[in-house]
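Residue numbers (our numbering): 203 to 755.
Just so you know, even glycine gets a beta-carbon here, dropped at the ideal spot from N, CA and C.
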């Protein structure tokens, strides 16, 4: 009877999520025919609401007609650092007339961490992207009404040095992006309550999540950002499958540490002995490629990134879950939403009702509006939001792959400039260069130094390539630890390390002339010798096969 009542409660929660998303879904459809009307309405609202706020007031923007003349150039996070510091100290009306309800952390290209101001308006704008996505999901996959979902949207990694902020830092859980009624309903359908992940990280976080996920035979949806987040969970499940199955059988929690935490009783309340489910798990051969799919036979959708460097991990999920629909996620950053999967073919359609979107051609400086884009064009995205970011450059490059009615559909190509983003860590050449500058005393014996990614199966890490000058002994362990600490000041790099999406930094000692080998390799790639530059960060993962030498253990 308890299980029956729980099933009814889940269906009702799904019903609330769906019906509260219908209006936004229908308006999204209408926006596909009238993009200019909806976009200009957003711009007018932003300008009208904030003309007396510090930022627009200083720019003398009092009407939409002032927009291009008064803010001719895109802005960058560095243009907002002073303003956000004022917000952190409690100053009002810095970027908007609305109060900032939370500073949401994310990684930056040239700084360890960015703090994006969220107002009530920005949260509503974000919901206008999430709600149509939910609406489309339920329409295309009605079976989602009858089971649990696993969402992992925003990382729970703590931010150091923000304890004294006058504004809260970070949402408590993913559901806070939604409206209150939607948020409460979403929490009821989550297979893993977000609070269980906030007190731990790494393998312990995976164990808690997997214990609850494996119990759910009726899991229907997995929604993550980078697919490696889920592939690493699956690797951990293979490694600890027997322990998890035994815990399901006996209602024990053998796989977490002995630390006393306030979330352990909550985990225990959700976890009880289930011999019947344990028998099902025992009958599954987890070593087979199809084993994972048999754990969740009713799983219908995995929603994740599939473009650029996420493609390889997404293909891994396709092979492991051949009957599950792999839905490509749209381009949604902490700063705002650019596109969402929508329509019958899950095209990544411009989020026309969320923010005012503008675009710069990759090979030019002209700024275009959403309705002026051409199929095949490649653009850098600019957004203007109710949170106080005006013509803000996301540094994301997209290609217009087609049109859904009159709305462009996008494919994410990568980030402008040299940026490495294996699992969402967002390391840039500029940031790695600042790390090397901080370490210049200990790196002085090395005339060549470069950081690059490294892959070994499903495991990812970074390698510090060093050519030593002379025969002086070097404590590579201490050097790697120092570099890892500085890289960890990047918010998402630290989160990827805590969640074991990235292994620890390794050092490769180069023998011979590293610069000459580097130049020869780049020439073979078609680069002219005079154009070759020595970066702090390379996005190529095969340098260990180019240089002579070996990894330092």
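Of the residues the options, the one placed nearest residue i, counting alpha carbons only
i           : options               : result
residue 637 : 685, 208 and 681      : 685
residue 610 : 659, 542, 566 and 644 : 542
residue 243 : 582, 558 and 568      : 558
residue 213 : 350, 293 and 295      : 350
residue 247 : 230, 536, 263 and 435 : 263
residue 722 : 749, 501 and 266      : 749
residue 689 : 562, 627, 676 and 716 : 627
residue 501 : 319, 279 and 344      : 344
residue 505 : 625, 530, 416 and 231 : 530
residue 249 : 713, 630 and 269      : 269
residue 572 : 540, 565 and 615      : 540
residue 228 : 334, 303 and 218      : 334
residue 369 : 353, 396 and 321      : 321
residue 257 : 284, 296 and 306      : 296
residue 416 : 574, 538 and 447      : 447
residue 384 : 579, 325 and 422      : 325
residue 346 : 420, 371, 431 and 744 : 420
Environment of residue i [buried if 16+ CB atoms lie within 10 Å]
i           : result
residue 612 : buried
residue 464 : The pLDDT assigned to residue 464 is 48, lower than 50, so where the model puts this residue is not dependable; a value taken from the coordinates is nonetheless given after this. So residue 464 counts as exposed.
residue 619 : exposed
residue 549 : buried
residue 357 : With a pLDDT of 47 at residue 357, under the threshold of 50, the predicted position of this residue should be treated as unreliable, and no value is reported.
residue 425 : buried
residue 474 : exposed
residue 300 : buried
residue 294 : exposed
residue 411 : buried
residue 697 : buried
residue 497 : buried
residue 318 : buried
residue 607 : exposed
residue 718 : exposed
residue 753 : exposed
residue 547 : exposed
residue 462 : Here residue 462 scores only 48 on pLDDT, less than 50, and its place in the model is too uncertain to base an answer on.
residue 577 : exposed
residue 653 : buried
residue 732 : Low per-residue confidence applies at residue 732: pLDDT is 49, beneath 50, and the placement is therefore not dependable enough to give any value.
residue 598 : buried
residue 651 : buried
residue 306 : buried
N- and C-terminal bounds of the beta strand (DSSP E) containing residue i
i           : result
residue 334 : Unbroken run through residue 334 is the alpha helix (DSSP H), 322-342; no beta strand (DSSP E).
residue 752 : 750-754
residue 527 : 527-530
residue 681 : Premise fails: residue 681 lies in the alpha helix (DSSP H), 678-689, not in any beta strand (DSSP E).
residue 352 : 350-354
residue 570 : 569-571
residue 503 : 503-506
Residues bridged to residue i [DSSP beta-bridge criterion]
i           : result
residue 604 : 611
residue 652 : 667
residue 308 : 316
residue 549 : 544
residue 586 : 558
residue 594 : 277 and 585
residue 713 : 750
residue 534 : 539
residue 421 : 350
residue 426 : 354
residue 661 : 658
residue 617 : 598
residue 371 : 305
residue 563 : 581
For residue i, the first and last residue of its enclosing alpha helix (DSSP H)
i           : result
residue 447 : 443-452
residue 244 : 237-252
residue 746 : Premise fails: residue 746 is in no alpha helix (DSSP H) and is neither H nor E.
residue 218 : 204-221
residue 224 : 224-233
residue 636 : 631-640
residue 384 : 382-391
residue 259 : 256-260
residue 742 : Looking at the DSSP string, residue 742 is not in any alpha helix (DSSP H), and its letter there is neither H nor E.
residue 627 : Segment: none, residue 627 is in no alpha helix (DSSP H) and carries neither H nor E.
residue 493 : 493-497
residue 698 : 693-700
Residue-level contact to chain C via CB, residue i, 7 Å cutoff
i           : result
residue 218 : Reference to chain C is not applicable here, since this structure consists of a single protein chain.
Decide yes or no for the touch test of the region 477-486 against the region 511-521: beta carbon pairs closer than 8 Å, at least 3 of them. no
Using 8 Å as the threshold, is the region 589-601 in touch with the region 707-720, meaning 3 or more CB pairs across them? no
Should the region 323-343 be regarded as contacting the region 216-230, the criterion being three or more beta carbon pairs within less than 8 Å? yes
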